[in-house]
Structures are given as C-alpha cells and as structure tokens.
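Here the structure is laid out as structure tokens; the discussion comes afterwards.
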Amino acid sequence: MEVIHKIGRRKTAVARVYVSTGTGNITVNKKDVQDYFSTGTLQYKVRQPLNLTGNNESFDIKVNVYGGGITGQAEAIRLALSRAMVELDAENRTTLKPEGLLTRDPRMVERKKFGQKKARKKFQFSKR
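Residue numbering for the sequence shown follows our numbering, starting at 169 and increasing by one per position.
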C-alpha cells in the first residue's frame with residue numbers, strides 16, 4: 169500500500185496526515201500522540217476514526233499539524249484521519265458520516281470591528 173496523504177482543518181489549525189501500513193503508531197510533529205496531547209479526551213478524539221472503523225493496530229500514522237490550539241489541532245487530525253479511512257475503504261463512509269466526522273466545522277473567530285470593544289461587544293454608551 170502506498171502512503172495516503174489527507175488534510176484536515178478546524179478553526180485555524182491545519183493537519184496533514186500520512187497513513188501507511190504498520191503497527192498502530194501515531195506520531196504528531198515527531199512526538200508520540202500521548203506526549204503531544206496530554207489529556208485523554210484529546211487522545212480519544214484523534215483515535216476516534218480508527219476505533220469506529222476497527223483499524224487501531226493496522227496503520228502507522230504520521231501527522232504534521234500547525235496553527236490554532238490543541239483542541240482545534242486534535243479535531244483537524246480527526247477530520248484528516250476520517251478522510252483517509254474513507255479513501256482506504258468506501259464502506260467506512262457509512263460508519264463515519266452519521267458520527268459527523270466527515271463534516272468540516274466552518275466556525276472561525278469573528279474579527280474585531282473598528283470602534284467596538286470586540287467583534288460584537290460595543291463600548292458602553294452613557295447619556296450625560
């Protein structure tokens with residue numbers, strides 16, 4: 169099997185995932201996934217597409233991720249891995265689609281507007 173390359177995005181995080189046959193090693197920015205994502209929740213999010221398709225021990229995964237925070241990065245990796253699992257086997261689409269793992273979450277931070285305190289919050293108005 170050749171290496172499968174997919175990209176996932178979430179907020180401002182961009183993840184490039186390279187999937188090849190192996191023993192189940194996941195490397196994120198040249199670190200082990202347990203070292204890069206310290207909490208169990210984030211590790212679960214990264215492994216979710218593999219768990220749902222039953223490919224936990226089948227592939228070695230190398231990830232380059234940048235931008236955003238750690239939660240955005242974990243969800244970007246999850247999207248890229250889901251796309252890779254669908255490319256491997258089209259049957260996986262029926263498993264991942266109902267869980268919402270193939271949907272790109274388009275929500276981004278709204279920009280701050282001129283003359284306002286934040287994106288929507290205004291300066292307080294006083295009548296004197």
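Built from N, CA and C at the ideal position, the CB exists for glycine as well.
All figures in this text were calculated on a predicted structure; none of them were measured in a lab.
- Here ASP203 carries a helix assignment [DSSP, helix/strand/coil].
- For the alpha helix (DSSP H) assignment, the uninterrupted runs of no fewer than 4 residues enclosed by the segment 194-248 are, from N- to C-terminal side, 201-204 and 208-221.
- When the alpha-carbon of GLY176 is set against those of PHE205, THR189, MET169 and VAL231, the nearest one is in VAL231.
- Rounded to the nearest whole angstrom, the C-alpha separation of GLY192 and VAL201 is 11 Å.
- Bridge pairing for ARG178: ALA181 [DSSP].
- Residue environment analysis places GLU243 among the buried positions, since at least 16 neighbouring C-beta atoms fall within 10 angstroms of its C-beta.
- Using a Cβ distance threshold of 7 Å, ALA258 and VAL185 do not count as a contacting pair.
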